[in-house]
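Trainee: Mind having a look at this structure? Questions to follow.
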Amino acid sequence: MKLLSDPLMRAWVWLVGLSLGSTVIATSVARIEGVGITLAGATILVLAWAKARVILSRYLGLAQAPFWHRGFSIVLAIYCAGLLGLYLIA
Amino acid sequence: MTDTTPEAHPLEQLPGDLMMWVLIVSELLVFGAGLAAFLSVRITDPAGFASAQDHLHRAAAGINTLVLVTSGFLAALAVRAAEHGRIARTRMWLSAASLLGVVFLVIKTFEFIEKAQQGIGIETSTFFTFYYLMTGFHAAHVVAGIVILGLVGIRCTPRTVEVGAAFWHMVDLVWVLLFPVIYLLR
């Protein structure tokens, strides 16, 4: 538990968890049909956005730079929303 | 009386070197445009893209994601060790991060060999043109990152290690967006 008080370690645990989550969802897609596939895809994109945020905040240290953190977060959110839009159009 | 600590100037807040951030943003724009183009072209043939995607090894790419995010963690530990003046420990973390970079490339090479054995090349379909260009370009950045981590390990100062690790995290960041879009989205 003490290890998880380290923000870097916590970030790594989050990244591993989110990556495993994406892969599990993607491998289970074979058993789902219709709108379930689209929902799974949207969830996978949301998880990718969350992973990118963790890397920017903790690995690249933007958590200590509020101005840049806000800027990158906004651009990343808009970009991922764009990807989601392109995915849903298909 | 309220305590109003003034926020530092934005350029003073930015961790690491400004030029490295310019490089990181440029690379993100290139890969970002590539992924957006991939999803745009997919609109014209979602079934063909899904069928081509079935030839990819999702589990291997999933393992590679774990390898890269762990490697990024080790690079971040190297930055922390460098800030504390622990040169030997910094080099140890940088070496471990680089080693995982090599593991990533080995898995990626097996993936490319498997595709070649199936007769799948860059001109097989639009999907595979994007696949080879995007993942190949990313793999080239992994190679560059390993070289950079090696160089900052030799010239080991807190600033050089932070700059080298920032490049490595950029490679990591690109992969966490590229992996789901190319390998997972159906």
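So the sequence lines, in the order shown, correspond to chains A and B.
The opening residue of the first sequence carries number 579 in the numbering used here; numbering runs sequentially from there.
The opening residue of the second sequence carries number 7 in the numbering used here; numbering runs sequentially from there.
For every residue, glycine included, the Cβ atom is placed at its ideal position computed from N, Cα and C.
Counting only Cβ pairs nearer than 8 Å, list the residues of chain A close to Q19(B).
Mentor: By Cβ distance, chain A contributes Q642, A643, P644, F645 and W646.
Trainee: Take the Cβ of S104(B) as the centre, count every other Cβ of all protein chains shown within 10 Å, and call the residue buried at 16 or more, exposed below.
Mentor: Label assigned to S104(B): buried.
Trainee: With a threshold of 7 Å on Cβ separation, who are the neighbours of R86(B) within its own chain once the five nearest residues in sequence on each side are excluded?
Mentor: So no residue of the chain qualifies.
Trainee: Under 7 Å between beta-carbons, which chain B residues line up against A604(A)? List them in chain order, please.
Mentor: Under the 7 Å cutoff, chain B gives R64 and L190.
Trainee: Can you pull out the residues from the region 654–668 of chain A whose beta carbon lies closer than 7 Å to at least one beta carbon of chain B?
Mentor: Answer in chain order: Y657, G660, L661, L664, Y665, I667 and A668.
Trainee: Where does G649(A) fall in DSSP's three states?
Mentor: In the structure shown, G649(A) sits in a helix (DSSP, three-state: H, G or I).
Trainee: List, in order along the chain, the chain B residues whose C-beta lies closer than 7 Å to that of G619(A)?
Mentor: Ordered by position in chain B, the residues that pass the 7 Å Cβ test against G619(A) are L191 and R192.
Trainee: Within a Cβ cutoff of 6 Å, which residues of the same chain sit near A102(B), ignoring the five residues on either side of it in sequence?
Mentor: L80, listed in sequence order.
Trainee: According to DSSP, is Q642(A) part of a helix, a strand, or is it coil?
Mentor: It is helical.
Trainee: For E117(B), which of helix, strand or coil comes out of DSSP?
Mentor: Here E117(B) sits in helix by DSSP.
Trainee: Would you decide whether I30(B) is buried or exposed? Buried here means 16 or more other CB atoms lie within 10 Å of its CB.
Mentor: It counts as buried.
Trainee: Starting from H147(B), trace the alpha helix (DSSP H) in both directions and tell me its first and last residue.
Mentor: Here the alpha helix (DSSP H) through H147(B) covers T132 to I160.
Trainee: Output yes if chain B places a C-beta closer than 8 Å to the C-beta of G612(A); else output no.
Mentor: It does not: the Cβ of G612(A) has no partner Cβ on chain B nearer than 8 Å.
Trainee: Taking G78(B) as the reference, give the member of R165(B), L155(B) and Y138(B) with the closest Cα.
Mentor: When each option's Cα is compared against that of G78(B), the closest is L155(B).
Trainee: Could you please give the first and the last residue of the uninterrupted alpha helix (DSSP H) stretch that includes D20(B)?
Mentor: A quick correction: the sequence has Leu, not Asp, at residue 20(B). No alpha helix (DSSP H) holds L20(B); DSSP gives it neither H nor E.
Trainee: Would S600(A) pass as an interface residue toward chain B - the criterion being a Cβ-Cβ separation below 8 Å?
Mentor: At least one chain B Cβ lies under 8 Å of S600(A).
Trainee: Rounded to a whole number of angstroms, what is the C-alpha to C-alpha distance between V177(B) and W27(B)?
Mentor: Rounded to the nearest angstrom, the two C-alpha atoms are 13 Å apart.
Trainee: Can you tell me whether E33(B) is helix, strand or coil according to DSSP?
Mentor: Correct three-state label for E33(B): helix.
Trainee: Run through chain A and tell me which residues come within less than 8 Å of D23(B), C-beta to C-beta.
Mentor: The premise fails here: D23(B) is roughly 12 Å from chain A at the closest Cβ pair, so nothing lies under 8 Å.
Trainee: Only counting the same chain, and skipping five residues up and downstream in sequence, which positions put a Cβ closer than 8 Å to that of V180(B)?
Mentor: These residues qualify, in order along the chain: E33, L34, F37, H144 and H147.
Trainee: Tell me the DSSP secondary structure of R192(B) in three-state form.
Mentor: Coil.
Trainee: For L593(A), which residues in chain B fall below 7 Å Cβ to Cβ?
Mentor: By Cβ distance, chain B contributes V75.
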